[in-house]
Each structure stands twice: as C-alpha cells, then as structure tokens.
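Visitor: Protein chains in written order, with this note's numbering: chain P, 207 to 341; chain Z, 207 to 341.
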DNA sequence: CGTTACGCTGACGTTAACGTCACCCTGTCT
DNA sequence: AGACAGGGTGACGTTAACGTCAGCGTAACG
C-alpha cells in the first residue's frame, strides 16, 4: 500500500513532484513558503507538500493570472480553509474576498468590452490587407 | 476660439492635463515615451500629447489591467493605428493581436469559473459565522 | 566508497515599472 | 528684479517575484 487517497492523489508530495505537477520551480515553492503562502511539513530537512498546500497553490497561481499580488492572495487564502471556525482572521478574509469578487466582476465586464473591441479591430484589419495565414 | 474638436476634447494636452485625465504621474508618461509607447510632439522642450497618444494611453492602461506587460502592449498597439496601410509591422501586430485575443478569451473563461467558485465559498462562509456588516 | 542526484540554506543578481531627487530652464505675476 | 509654478533631464532608489550560484548534507547507486 502506498499512501494514496480515493482520488488517486498521493497524500504528500516532494518538491519535485510539485514542480512537475504545477509547472513551477523549486525556488518558487520555497519563496511562497517564506512568504507564508504555503506551509509544507518537514521530513527531517525536506519539505513535504500536503493536500492543503496543493489546494492553496492552485488558488495562488490562479490569483496571479488575474493580476493579484502574492500579498493580496495571502490575505484571502484563509477563506478557503475549511475546518477553521469563524475567527477574526477568517472574518477578515471574508471581507477581503468580497472586495476581490467585486474587482473580478469589474474585470470581467471590462474584459468582455475589450474583447468585443479587439474583435472589431481585427475584422477591420482583415478588411484591409491583413489575412490570416494557415495556422 | 480655443483648439477644440466636435467632441469637446482639446487637440493636444499638456503633461499635467494628461495626468489629471488618466490618473497617472508625469514620470509614467515620460517613461512610456522612453519605451516608445507614446510619441508626444514637442513645443520647444515641452511635450504635447495628441489624440493618438490619448487613444494609445487608454489601451495601454487597459492592457495593464489585464496583466499584459508594456512590451506586449507596445507590440500590438500598431494595430490600432488607423491610416496605416498594410505594412509588415501591421501584419505582425495583427498576428500578435490574434494571440492576445485568445489569451483574453481564456482569461475570461477562467475568470467566470473563479467567480462562481468564490461566490460559493462566500456563501459557505456566510452559512458559518461570517456575516456582512452594513457596508 | 566515490559520485551522482536531489534537496536545503543563505546571499546576491535581475527585470519591470515606476518613484524620488537634484538641478536646470522658462514664462509670468507682483 | 525676485519669486514661484510648471516642465525637462539624468541618475539613482525601490518593490515584487523570482533566478542564479556557492556550499553543505545525505541517500542511493554501481
């Protein structure tokens, strides 16, 4: 028996497994730990990343793609900690998440608008000389 | 008669007018010029920002909000230059804009997904102790 | 038992996108 | 004439988010 769970995900992962799984470098993971975004456990000196770390990393990378800073992200990550009772920390995370949601919705509206505009611009460009070569 | 146009926008603007209009600093505008994102004309030594500069600045700031780098942005700005004929430059901008469009559409899809998730998470948080104080 | 692979810890380097500072010019109000 | 606002030019400082490198430990492999 290896340490597996119902969803066939190992219980903990080494730093390299994490890197391969999420396409990041070891440096990045250590950096996130230093910034208290991740808290892998230690087996002697080595890091072992838990399911929780992986869930958080996923959220971190997503947040980054939306332009949030690591600090922004860190402050809202606690919201996702199931099992945490309604502490002040969590209350704060809730407030921040509300703001963040507003930002994301505004961003989506603007993004929709920008996409429409860009499409129109591309169409115009095609009307002029610009044609797509076979992709 | 002051230099006004049908849409009541002055023909050119000073650096300060630009800063007030777009909420950026003079340093930012000079920086963008150095990076060849803007090309204000000179009245003696002073910069005068044209309608074109303003259109570009608007696109630049928007692009930034979507997480594109200034360099990314610079390379696609030419697409929006009306009056330019179908040069190689413009062709290149067209290609880049296509890629950029794809990125933006992917981003929107992911954003939609993230919004749904975050909303659910907030709802759960409310089900527990977290209540919104009167905003 | 040497060495190769993987991991850890500092510590310093790097890039993007400006901020800040010192210093200079110029128009203009009093 | 003096003072002051507004703009301009280097040049150096700053922050975020890592990259890179040197040096060390140790576990496994041939």
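Note that CB positions come from ideal geometry on N, CA and C, so glycine has one too.
(1) Among all the DSSP beta bridges, which residues are the ones paired with residue 256 of chain Z?
(2) State the DSSP-derived secondary structure class of residue 249 of chain Z, mapped to helix, strand or coil.
(3) Would you check if the stretch 319 to 336 of chain Z and the stretch 291 to 305 of chain P touch, i.e. whether three or more CB-CB distances between them fall below 8 Å?
(4) Which bits of chain Z does residue 295 of chain P rub up against, with CB to CB less than 9 Å?
(5) Please report the residue range of the alpha helix (DSSP H) in which residue 302 of chain Z lies.
(6) Who are the neighbours of residue 328 of chain Z on chain P, taking C-beta pairs under 9 Å?
(7) Just checking, does the stretch 237 to 244 of chain Z make contact with the stretch 241 to 251 of chain P on the three C-beta pairs under 8 Å criterion?
(8) Does the distance from the C-beta atom of residue 186 of chain Z to that of residue 267 of chain Z stay below 7 Å?
(9) Within 7 Å (strictly less), CB to CB, does residue 260 of chain P reach chain Z?
(10) By Cβ distance, which residues of its chain are closer than 8 Å to residue 252 of chain P, with the 5 residues on each side in sequence left out?
(11) What does the alpha-carbon distance come out to for the pair residue 269 of chain P and residue 256 of chain Z?
Guide: Looking at the atomic coordinates:
(1) Z:218, per the DSSP bridge assignment.
(2) Looking at residue 249 of chain Z - three-state DSSP - the assignment turns out to be strand.
(3) Yes: at least three Cβ pairs fall under 8 Å.
(4) The contact set of residue 295 of chain P on chain Z, defined by CB atoms closer than 9 Å, is empty, because the minimum CB distance reaches about 11 Å.
(5) That run of the alpha helix (DSSP H) goes 294 to 333.
(6) Under the 9 Å cutoff, chain P gives 285, 300, 303, 304, 307.
(7) Result no; under three Cβ-Cβ pairs closer than 8 Å.
(8) Only positions 207 to 341 of chain Z appear in this structure, which leaves residue 186 of chain Z out of reach.
(9) So, not an interface residue.
(10) Excluding positions up to five away in sequence, the list reads 220, 221.
(11) Residue 269 of chain P and residue 256 of chain Z: Cα-Cα distance of roughly 36 Å.
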